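These notes concern the structure reproduced below.
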Amino acid sequence: MAPVALAIARPSFSTSAKRFGGHHEDETYEEFSARFEKEFDGVQDVFELQRNLNNCFAYDLVPSVEVLTAALKAARRVNDYPTAVRIFEGVKAKVETQEQYKQYLEALEGLRQELGVALREELYPEEA
3 MAPVALAIAR PSFSTSAKRF GGHHEDETYE EFSARFEKEF DGVQDVFELQ RNLNNCFAYD
63 LVPSVEVLTA ALKAARRVND YPTAVRIFEG VKAKVETQEQ YKQYLEALEG LRQELGVALR
123 EELYPEEA
């Protein structure tokens with residue numbers, strides 16, 4: 003008689019629990035924006051700034067102008083110019099159309115000028 007494999011009661015992949023990046027799975031866009039504005043307002047060093055940016059941009063949405071404003075001010079506060087430039091690169095990668103990117107640029111133009119943040123397209127026009 004051949005050995006018989008016994009079925010072990012284990013959950014299959016299809017019934018396994020959902021995993022989320024945190025405890026914020028049910029938050030609205032407004033709650034998301036408020037949470038990240040607060041996070042960026044409290045940034046004290048480059049590591050914290052970049053960690054918050056990674057978390058913020060990991061979601062399947064484009065951060066609000068208010069969140070980006072807080073992030074840019076945090077980059078200035080910790081004196082991290084390259085990250086400020088990369089914030090705009092992140093927005094350009096997240097939006098669906100070039101027109102949306104232009105709308106973000108228009109909304110953030112005043113702050114960008116105030117902080118002296120150039121766009122990658124301005125720094126490297128030959129790559130644009």
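Residue numbers (our numbering): 3 to 130. Ideal Cβ positions, reconstructed from N, Cα and C, are used throughout, including at glycine. Note that the structure is a prediction, hence the values are computed from the model and not measured.
Non-local beta-carbon contacts of D43 in its own chain, meaning distances under 7 Å to residues more than five positions away in sequence, involve A72 in chain order. Taking the C-beta atoms as reference points, V80 is found nearer than 8 Å to L51. Around the beta carbon of L63, fewer than 16 other beta carbons sit within 10 angstroms, so the residue counts as exposed. With distances taken between CA atoms, S35 lies nearest to P65 out of P65, Y126, R53, N57. Boundaries of the alpha helix (DSSP H) harbouring E123: 122 to 125, taken from the DSSP string.
Going by DSSP, N54 is part of the alpha helix (DSSP H) stretching over 48 to 59. DSSP, reduced to helix, strand and coil, places V64 outside both helices and strands of the structure shown, so it counts as coil.
With respect to the C-alpha of V48, the residue from E39, L74, L107 having the closest C-alpha is L74. Taken in chain order, the complete beta strand (DSSP E) segments of 3 or more residues contained in the region 82 to 121 number zero; there are none. The alpha-carbon of E29 is positioned some 24 Å away from that of K94.
Taking all protein chains in view, the Cβ of Y126 is surrounded by fewer than 16 other Cβ atoms within 10 Å, so the residue is classified as exposed.
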